[in-house]
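In case it helps, my numbering puts the sequence shown at residues -5 to 277.
Here a beta-carbon is modelled for each residue, glycine too, at the ideal position from N, C-alpha and C.
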Amino acid sequence: MGNLEKRIQQLKQRRPGYKDILDFYQKVKETQDRTKASLKIDPIKLKKEWKELLAKQGFSLIKKEDFSLDIEASAGLFQALCKISKEANLHMAEQEEKIQTMIEKKKIDLKKLLKEGLKEERIEKVADEFGLDKEVLLFLVQNSIRPSIEAGREQLRSEVNSETWLKGYCPICGSFPSLSLLKEEVGKRYLLCSYCGYQWRTDRISCPFCNNKEQGSLQYFYGEGEETYRIDLCDKCHQYIKMIDLRNVGESDFILEDLATLHLDILASQKGYKRSVPNPWAA
Ligand SMILES: [Zn+2]
Ligand SMILES: [Zn+2]
-5 MGNLEKRIQQ LKQRRPGYKD ILDFYQKVKE TQDRTKASLK IDPIKLKKEW
45 KELLAKQGFS LIKKEDFSLD IEASAGLFQA LCKISKEANL HMAEQEEKIQ
95 TMIEKKKIDL KKLLKEGLKE ERIEKVADEF GLDKEVLLFL VQNSIRPSIE
145 AGREQLRSEV NSETWLKGYC PICGSFPSLS LLKEEVGKRY LLCSYCGYQW
195 RTDRISCPFC NNKEQGSLQY FYGEGEETYR IDLCDKCHQY IKMIDLRNVG
245 ESDFILEDLA TLHLDILASQ KGYKRSVPNP WAA
């Protein structure tokens, strides 16, 4: 049994209500990992002369739309994810059927759609145009291009310094974090990019979204009996970020850990706080 499978078993035992979504996640992740093995992406071009200046002024290395994609591999993955989704639930099955019909009738050009996946607004527009569920379409597209994005991140890793950036957004692609992570015995805090998955260090006490550092307006709560997961709330911007203490779970699959603690997101939302980057699996 692989690590992913083992962890999913553990989580299912602890929280049986998550069984279906965890099974779904496992299938998606395994399919993505298979795609990763044969991925071919072009080198991402950097404007070297600007690099240092941009970093000094707090700009990220590239923008989301600058990532290179392996479109063939992404299209194959899209079809595979559609198949998995079809079996996941009725709503996904309905959406999948609509999407396939649009592709067959050539109303949706899949490869073009995937390229546009780099810009969320474009996907939303396509969903509107064809009466599709935005969340489902975005989920399928983003999970299809994810292996390419992650490969791009690895290409650019050596261009940035994870320890000195310290800002609330990703030094590689400029996106906001989806999670924060506590690591090492001293509890160094890192942020995890919601888009490319890069991790960079940040202050222990601060809100990544509005840069608030005042202790009085930053609160937190834990999951019941779960010291591993914490929700950090900011009373200035009324947003929150989930923190995973990796000292308890080790280098786990963060998307999985996030997914298995959606009850904490519900609690935070009931308290009136918003998640800056919505969990795509929650839809
Ligand atoms: Zn990023
Ligand atoms: Zn804030």
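According to the DSSP assignment, residue 228 belongs to the beta strand (DSSP E) that extends over 220 to 228. One Cα belongs to residue 254, the other to residue 115, and the distance between them is close to 28 Å.
By the criterion of a C-beta distance shorter than 8 Å, residue 250 is surrounded in its chain by -2, 1, 2, 5, 16, 19, 23, once the five residues flanking it on both sides are discounted.
Boundaries cannot be given for residue 127, as no alpha helix (DSSP H) includes it and DSSP labels it neither H nor E. Under DSSP, the beta-bridge partners assigned to residue 196 are 183.
For residue 12, the three-state secondary structure derived from DSSP is helix.
Residue 211 and residue 228 have their C-alpha atoms spaced approximately 6 Å apart. For the segment 47 to 130, there is no continuous beta strand (DSSP E) assignment of 3+ residues that stays within its boundaries.
In this structure residue 120 is buried. Its beta-carbon is surrounded by 16 or more other beta-carbon atoms within 10 angstroms.
Each residue's CA atom was taken as its position, placing residue 37 and residue 73 some 25 Å apart. With 16 or more other Cβ atoms from the protein chains shown falling within 10 Å of its own Cβ, residue 140 counts as buried.
Taking the Cβ atoms as the reference, residue 168 lies roughly 6 Å from residue 57, within the contact range of under 8 Å. Secondary structure of residue 19 (DSSP, three-state): helix. For residue 175, the beta-bridge partners assigned by DSSP are 184, 238.
The alpha carbon of residue 41 has as its nearest neighbour, out of 118, 55, 258, the alpha carbon of 55.
8 Å or more divides the Cβ of residue 113 from the Cβ of residue 65. Per DSSP, residue 248 lies in no beta strand (DSSP E) segment; the continuous alpha helix (DSSP H) that holds it begins and ends at 248 to 253.
Per DSSP, reduced to three states, the secondary structure at residue 210 is helical. Between residue 123 and residue 117, the C-beta spacing is not below 8 Å. Of 232, 197, 201, 248, the smallest CA-CA separation from residue 222 is found for 248. Here residue 269 is bridged, per DSSP, to 234. Taking non-hydrogen atoms of ligand 1 into account, the C-beta of residue 249 is found less than 7 Å away from none of them. Contact between residue 62 and residue 142 holds: CB atoms are separated by about 7 Å, below the 8 Å threshold. Beta-bridge pairing by DSSP links residue 215 to 225. Inclusion of residue 172 and residue 243 in the CB contact set at 8 Å is not warranted, their separation being larger than that value.
Across the set 185, 205, 258, 89, the C-alpha of 258 shows the shortest separation from the C-alpha of residue 215. A residue is called buried when at least 16 other Cβ atoms come within 10 angstroms of its Cβ; residue 47 does not meet this threshold and is exposed. In this chain, the alpha helix (DSSP H) harbouring residue 259 covers 256 to 264.
Sorting 177, 75, 128, 136 by C-alpha distance to the C-alpha of residue 21 places 75 at the top.
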